[in-house]
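Counting with the numbering used here, you get residues 8 to 97 for the letters of the sequence shown.
Note that CB positions come from ideal geometry on N, CA and C, so glycine has one too.
Taking it in order: structure first as C-alpha cells, then the write-up.
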Amino acid sequence: MEEKINPAAATYHYEQLAKIIENKIRTGSLAAGSRLPGELILSQEYGVGSNTVRRALDILRERGLIITVRARGSFVIEELPHDETDQGGR
8 MEEKINPAAA TYHYEQLAKI IENKIRTGSL AAGSRLPGEL ILSQEYGVGS NTVRRALDIL
68 RERGLIITVR ARGSFVIEEL PHDETDQGGR
C-alpha cells in the first residue's frame, strides 16, 4: 500500500514526504544506487508542490541517504548510514 501525505497531520508535508521516501530506501523498495523519480513525478504522485519535494530531498541529503548529481537526478547512496531510530536492542 502506497503511503500518502496526511494534510491533517501536525508535521509539515515535506517532513512527511522525506519520511515516506526514507522508509522506501530503508526497506529496499528504493534500492541502493537507484535513481529517485524526478521532482515533477514525486510532486504529482504525492499531490504536493515542487518546493515541498525539494525540501524533502534536502532532508534526505542531510541525512546522508541520497546524493544529487546535476542534470542527472537524485540517487540512493550505495551504503546507508546507521538508522538513528534503531537502538540495536537497547
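Reduced DSSP category for residue i - H, G, I as helix; E, B as strand; rest coil
| i | result |
| --- | --- |
| Thr75 | strand |
| Val83 | strand |
| Arg42 | strand |
| Lys31 | helix |
| Pro70 | Note on residue identity: the sequence assigns Arg, not Pro, to residue 70. DSSP places Arg70 in coil when its eight states are reduced to three. |
| Gly96 | For Gly96, the predicted model reports a pLDDT of 44, less than 50, meaning its position is unreliable; a value from the coordinates is still stated below. Gly96: coil per DSSP, three-state reduction. |
| Asn58 | helix |
| His20 | helix |
8 Å Cβ shell around residue i - same chain, five flanking residues per side excluded
| i | result |
| --- | --- |
| Glu22 | Ala63 and Ile66 |
| Ile74 | Arg68, Ser81, Phe82 and Ile84 |
| Glu86 | Ala39 |
Close Cβ partners of residue i (< 6 Å) along its chain, the five nearest in sequence each way excluded
| i | result |
| --- | --- |
| Lys11 | none |
| Leu43 | Ser81 |
Cβ-based burial, residue i [other Cβ within 10 Å; buried from 16]
| i | result |
| --- | --- |
| Val60 | buried |
Sequence-distant residues of the same chain with beta carbon closer than 7 Å to residue i, five excluded per side
| i | result |
| --- | --- |
| Tyr19 | none |
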